[in-house]
Amino acid sequence: MSSFHWSIADYLQASYICVTALSILVTAYVAVWVVRSVQRKVDTERTLKDHFAHEIIGLRKEARNFISDVIKGGMKAQEIKYSHNHLRSHITDLQNILNQKYNINKACLKAYKMNLIKIIEKDEVYDNAFRNNQEVTLSSDTTTALHKLGRENDHLFNDVLLKIYEQKS
Amino acid sequence: MKTYIISKDYSPFTGLRYCCKSEHSGEDFYHKKLNGWMKDAVENNEEMTIVLDGGEDGYGPSFLDESFGNLVYDFTLEVVNRLVHIDSAGDPEWGESIYEDIYPVWEENRVHQVEPEKTDDHKPWYKLIDGQLQQRVWVKKTEKNDE
């Protein structure tokens, strides 16, 4: 019967193999952890960008609908002011967060905050209907100006989208 | 420094430019509140802050134009800039619009004596004449707006 005896060299060899195996495992674990962490960060950034994109598209829809409803006529004067303020608040909130997160100009959608309501307020029909909160059908000059504002500024929403996705994560 | 909050010290709802067109108009706000607040500020040489945030339905540009424009017209741009601070942290564009669009135009009007329209009979109000506060009805109600 033969007996198996380890020499010191065998122990050293076995230890070396164990340390090497352990080192490979640790390196692999760290590599996986790093990849997963980076992936998580990329995913979070991507999710965040997609979220803001969704918000901007929603805002564009809200702005388009507002202009379209005002042009169509039938809204009450004070409802126009209230709805515009609602739109304005959404724009302000989004502009603030996009400025903080992506350094996008805070006044990027200013046309929809200031110019839009200025055009409406200049219309005598709106002016005269306000006190008794009557329904408003704006003059053709005003509706032309509103169409023009929509046409010339609709691209601003896409500009913001591009700026968001152009930012490196 | 005194602080006035429009939504609390005047009304949470605001209207358009003229009294003849809406409740809580810029003209009404100026004559019922802002002129008196400014008179106190000038008398005591004390700065004041006007807070725009907190209203229920925001501000029409014409409301701000008529109220803060008349302030410059009656008290001069130099004095208004020295004593009045606008706080519109919630929506900085209101403040920017007052400083950049409204003040310069009404200072121009003041220099060239382009009188503002009044669409209501107001009690005597204050105006700075040669550095002195004077009170009277400076502009009468415009007849064409008698609706």
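In order, the protein sequences belong to chains A and B.
So the first sequence is residues 72 to 240, counted in the working numbering.
So the second sequence is residues 93 to 239, counted in the working numbering.
Glycine included, C-beta positions come from ideal geometry on N, C-alpha and C.
For Val143/B, the enclosing beta strand (DSSP E) covers residues 140-143. About 6 angstroms separates the beta carbons of Leu220/B and Thr168/B, which is inside the 8 angstroms limit, making them a contact pair. Distance from the Cα of Gly146/B is smallest, within the candidate group Asp120/B, Ser103/B, Asp157/B, Val231/B, for Ser103/B. Contact between the stretch 145-158 of chain A and the stretch 146-165 of chain B is present, with at least three C-beta pairs closer than 8 angstroms. Judged by DSSP in its simplified three-state form, Leu209/A adopts coil rather than helix or strand. The beta carbons of Trp217/B and Trp198/B sit about 15 angstroms from each other, so the pair does not count as a contact at 8 angstroms. Nearest to Val203/B by alpha-carbon distance, out of Gly182/B, Glu138/B, Gly118/B, Asn162/B, is Asn162/B. DSSP places Gln227/B in no alpha helix (DSSP H) but in the uninterrupted beta strand (DSSP E) bounded by 224-228. One finds Gly152, Pro153 in chain B with Cβ atoms closer than 8 angstroms to the Cβ of Ile188/A, taken in chain order. Counting along the chain, the unbroken beta strand (DSSP E) around His177/B starts and ends at 176-179. Ranked by Cα distance from Leu175/B, the first of Pro196/B, Glu139/B, Ala181/B is Glu139/B. Chain A places a beta carbon closer than 8 angstroms to that of Leu108/B, counting this residue as a contact.
Taking 8 angstroms as the cut-off, the Cβ atoms of Arg109/B and Glu158/B count as close. Contact between Val196/A and Leu209/A holds, with the beta-carbon distance rounding to 6 angstroms and staying under 8 angstroms. Membership of Ile221/B in the beta strand (DSSP E) is indicated by the continuous run 217-221.
Using a Cβ-Cβ cut-off of 8 angstroms, Asn136/A does not count as an interface residue toward chain B, since no Cβ of chain B sits closer than that to its own. Partner residues in the beta bridge of Met146/A, as assigned by DSSP, are Val207/A. Any Cβ of chain A closer than 8 angstroms to the Cβ of Ser159/B would place that residue at the interface, and such an atom is absent. Taking a C-beta distance under 8 angstroms as the contact criterion, Met185/A and Glu209/B do not qualify as a contact pair.
For Asp194/A, not one C-beta of chain B is nearer than 8 angstroms to its own C-beta. Ser154/B is positioned such that its CB atom lies closer than 8 angstroms to that of Glu192/A. Under DSSP, Ile97/B forms a beta bridge with Val143/B.
Contacts with chain A at 8 angstroms (Cβ-Cβ) do not include Ser180/B. As the crow flies, the alpha-carbon of Cys112/B is around 12 angstroms from that of Asn203/A. Excluding its 5 nearest sequence neighbours in each direction, Glu192/B has no C-beta neighbour in its own chain below 6 angstroms.
Setting aside the 5 residues that flank it on each side, Ala124/A is surrounded in the same chain by Leu232, Ile235, Tyr236, each with a C-beta closer than 8 angstroms to its C-beta; the list follows chain order. The Cβ atoms of Leu220/A and Ala182/A sit closer than 8 angstroms to each other. DSSP places Ser159/B in the helix class (H, G or I) of the three-state scheme. Nearest to Trp129/B by alpha-carbon distance, out of Gly107/B, His177/B, Val206/B, is His177/B.
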